[in-house]
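Protein chains in written order, with the working numbering: chain A, 7 to 381; chain B, 7 to 381.
Structure representation (structure tokens):
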């Protein structure tokens with residue numbers, strides 16, 4: 007039977023570009039082989055030593071360090087082969103107009119190399135870093151290689167977008183909301199109409215439900231997002247696009263604890279391990295709206311909402327205070343010192359304990375009105 | 007400033023009923039106190055000993071055992087107080103027409119009992135079981151007490167529903183889909199129009215994305231859901247309503263491993279720990295479409311997709327084989343034996359390794375056509 011997938015899709019411009027890059031990588035190898043030269047690929051180094059904080063652009067950047075991965079080197083031959091396999095896998099996906107999960111790709115590429123009993127990949131942990139290698143080789147995000155991760159996070163608010171040809175009115179999404187997909191590149195998601203003036207990003211789905219139920223986004227003309235904890239790439243990239251294409255300020259309402267600081271740090275500067283994504287994911291202008299260490303007194307919270315800091319919290323807080331983008335900011339040093347001094351952390355839910363709609367109807371509107379945030 | 011929440015909402019019939027039940031519980035206590043009698047609440051026992059499998063109805067049920075919780079009993083006084091607090095908290099939420107997370111409720115109810123330094127609750131782990139107690143006392147699901155958990159899971163397909171007054175066309179939800187909310191009771195979600203003939207429930211968000219991208223639901227006229235692993239209550243309750251109100255068969259496409267069996271078991275019979283939910287959550291007619299232990303040979307999969315069983319897998323598999331609803335079914339005994347015999351488990355992604363759209367265009371349509379499933 008003819009499979010529905012047999013019809014070749016028309017490639018989008020960005021897809022054509024990515025395939026051309028992969029083909030050019032492959033051509034380089036063929037030429038080198040034909041010329042009897044050593045086969046190698048230069049891969050920008052993804053280690054911490056090759057990451058620096060660009061104070062002007064205010065994002066994490068990779069340095070110019072590269073590593074050469076060679077076929078005729080016993081310790082590199084396998085990863086050389088894996089790199090080519092992943093490139094081939096991505097090129098096939100793009101050509102077919104389909105996308106796959108990073109786990110799905112690993113399965114697709116794993117096979118025994120006959121007549122040996124060697125596998126191309128032993129497990130997914132061997133495949134994931136090679137995907138990251140290919141991202142830096144090509145200067146493409148994995149989403150552009152048609153690879154996705156699990157999707158988490160939701161969105162509602164005064165914006166209409168087009169997703170794969172369907173019009174999504176985020177102002178008419180009920181209590182559930184629009185599930186932010188894993189791939190939100192312009193080839194998939196197009197912004198059609200936006201009257202919202204800013205984005206409020208909250209940490210947890212449960213807090214998001216509270217804000218959505220109180221129609222915060224309607225009363226304050228904004229977009230409301232959450233990332234179910236540390237936001238996945240899809241949500242980060244969506245925030246980036248909302249900020250850069252629609253010029254919307256991004257306000258983050260996170261817990262007053264090291265984990266909340268870290269979530270903000272990743273949204274703002276990118277992840278240290280994946281510095282190469284920063285230029286298309288990081289939002290240096292994102293603002294930290296709360297919770298603040300001073301909220302315990304300012305909001306007259308009851309002492310039952312205190313959660314004592316443990317050793318890990320204290321250690322993490324000090325690490326984060328030392329990040330280059332926080333180290334020279336008095337406001338952040340004061341903020342983190344105050345939390346350590348308090349000896350406790352606070353969750354956004356602490357505000358809900360004051361009054362169920364205190365956080366949506368008083369706290370957040372007041373912080374915004376007073377322009378009272380950290381950046 | 008007047009808070010927007012000051013206006014009293016009009017209660018929905020089910021909400022009025024729940025509040026009346028809580029008031030009646032409270033009145034009983036007042037009457038007993040006035041009459042100088044001991045204050046106690048009878049709580050249906052939620053232990054395993056009080057759970058039985060009803061072979062006729064094919065669901066888990068609670069027995070008739072109850073425990074008396076007394077105020078004038080040193081070991082029960084605190085939980086007695088907590089029960090009343092949770093009832094009061096729920097009644098207030100319903101009265102305000104708002105909902106809260108179970109964590110938010112814990113925060114709201116936690117306070118020092120002056121002049122002592124005792125807290126009403128020490129942590130959330132003390133509050134959650136009391137919520138379950140109240141559910142069984144009132145015969146209400148926690149969703150009817152206006153309490154929600156984190157929401158996970160997504161949905162697309164040929165159905166139009168109304169969520170909090172917004173019309174959601176699940177056939178026009180792009181790549182992201184509709185995020186299934188935590189509370190999907192008829193007061194929130196109304197089914198408006200459905201042309202779909204069945205529901206395909208898949209385990210993981212990444213597999214769901216594969217099916218959605220291939221427009222499986224359009225080609226096969228169905229609804230496509232996932233629960234991001236073990237489906238949360240919102241998704242289970244949604245499946246239950248789709249099955250019971252719209253008479254749609256539910257097919258589950260899960261991994262061929264003990265975890266996949268267990269997910270199916272919970273969808274089908276309910277969770278053993280929360281047997282009281284079963285009559286409004288369990289779907290005894292749900293069908294297990296795959297993956298099957300015989301698929302390795304039947305689908306001619308490569309040996310690289312095998313994942314070796316470990317001791318925990320083998321132990322869990324035997325436990326599950328002993329569940330009353332599997333114990334007397336030859337088909338399930340054979341299925342589980344075959345997996346143990348294979349010595350390996352298989353994930354749905356194994357089918358994707360054969361061909362990216364094999365699972366959406368061949369495997370699943372063929373299984374459905376052949377009515378080849380377990381139940």
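Built from N, CA and C at the ideal position, the CB exists for glycine as well.
Check                                                                                                                                                                                    : Outcome
Taking CB distances under 8 Å as the criterion, tell me whether residue 216(A) reaches chain B.                                                                                          : yes
Hey, quick one: how far does the beta strand (DSSP E) through residue 282(B) stretch, first residue to last?                                                                             : First-last for residue 282(B): undefined, no H or E at that position.
Apart from the five residues on each side of it in sequence, which residues of its chain come closer than 8 Å, Cβ to Cβ, to residue 261(B)?                                              : 209, 297, 351, 352, 353 and 354
Can you find the residues in the same chain that come closer than 8 Å, C-beta to C-beta, to residue 156(A), ignoring five residues on each side of it along the sequence?                : 107, 188 and 238
Could you give the first and the last residue of the continuous alpha helix (DSSP H) run that contains residue 113(B)?                                                                   : 108-115
Please confirm if the segment 107-126 of chain B is in contact with the segment 208-222 of chain A, defined as three or more CB-CB distances below 8 Å between the two stretches.        : yes
For residue 160(B), count the other beta carbons within 10 Å of its own beta carbon; 16 or more makes it buried, fewer makes it exposed. Which is it?                                    : buried
When the Cα of residue 56(B) is compared with those of 46(B), 67(B) and 48(B), which residue comes out closest?                                                                          : 67(B)
Can you list, in chain order, the residues of its chain whose CB lies under 6 Å from that of residue 375(A), leaving out five sequence neighbours each side?                             : none
I'd like to know if the segment 294-311 of chain A and the segment 248-266 of chain A are in contact, where contact means that at least 3 CB-CB pairs between them fall below 8 Å.       : yes
Kindly indicate which three-state DSSP category residue 292(B) falls into: helix, strand or coil?                                                                                        : coil
Is the Cβ-Cβ distance between residue 46(A) and residue 76(A) less than 8 Å?                                                                                                             : yes
For residue 125(A), decide whether its Cβ has a neighbour in chain B, counting only Cβ atoms nearer than 8 Å.                                                                            : yes
According to the neighbour-count rule (16 or more other Cβ atoms, all chains shown, within 10 Å of its Cβ), is residue 365(A) buried or exposed?                                         : buried
With a threshold of 8 Å, are at least 3 pairs of Cβ atoms found where one atom belongs to the segment 133-149 of chain B and the other to the segment 87-103 of chain B?                 : yes
Residue 382(A) versus chain B: which residues are under 8 Å apart at the beta carbon?                                                                                                    : What the structure shows of chain A is the stretch from 7 to 381, and residue 382(A) is not part of that stretch, so it cannot be assessed.
How is the alpha helix (DSSP H) around residue 25(A) delimited, first residue to last?                                                                                                   : 19-40
DSSP has residue 173(A) in a bridge; who is on the other side?                                                                                                                           : 168(A)
For residue 311(A), is the classification buried or exposed, using 16 other Cβ atoms within 10 angstroms of its Cβ as the cut-off for buried?                                            : buried
Using 10 angstroms around the beta-carbon of residue 114(A), count the other beta-carbons present and answer buried if the total reaches 16, otherwise exposed.                          : buried
Interface residues of chain E around residue 104(A) at Cβ under 9 Å?                                                                                                                     : Protein chains A and B are contained in the structure displayed, whereas chain E is not.
Label residue 316(A) either buried or exposed according to how many other C-beta atoms from any shown protein chain fall within 10 Å of its C-beta, with 16 as the threshold for buried. : exposed
Strictly under 8 Å for the Cβ-Cβ distance: is residue 157(A) near chain B by that measure?                                                                                               : yes
Using alpha carbons as the reference points, say which of 225(A), 322(A), 286(A) and 177(A) lies closest to residue 346(A).                                                              : 322(A)
For residue 282(A), collect the residues of the same chain with a Cβ closer than 6 Å to its Cβ; drop the 5 residues on either side in sequence, then sort them by chain order.           : 68 and 142
Since residue 350(B) meets chain A, which of its residues come closer than 7 Å, beta carbon to beta carbon?                                                                              : Those within 7 Å of residue 350(B) in chain A number zero; the least Cβ separation is about 14 Å.
Helix, strand or coil: which one does DSSP assign to residue 364(B)?                                                                                                                     : helix
Put residue 124(A) into one of helix, strand or coil per three-state DSSP.                                                                                                               : coil
Take the Cβ of residue 19(B) as the centre, count every other Cβ of all protein chains shown within 10 Å, and call the residue buried at 16 or more, exposed below.                      : exposed
Quick one: complete beta strand (DSSP E) runs, 3+ long, within the segment 40-80 of chain A?                                                                                             : 46-50, 57-60, 65-68 and 72-76
Within the continuous beta strand (DSSP E) that includes residue 257(A), where are the two ends?                                                                                         : 256-259
Distance cutoff 8 Å, beta carbons only. Does residue 154(B) sit that close to anything in chain A?                                                                                       : yes
Taking the C-alpha atoms as reference points, what is the distance between residue 338(B) and residue 280(B)?                                                                            : 24 Å
Between residue 185(B) and chain A, is the shortest Cβ-Cβ distance under 8 Å, so that the two count as touching?                                                                         : yes
DSSP state of residue 250(A), grouped into three classes?                                                                                                                                : helix
If you reduce the DSSP assignment to three classes, tell me which class residue 424(A) lands in.                                                                                         : Since the first residue of chain A shown is 7 and the last is 381, residue 424(A) is not available in this structure.
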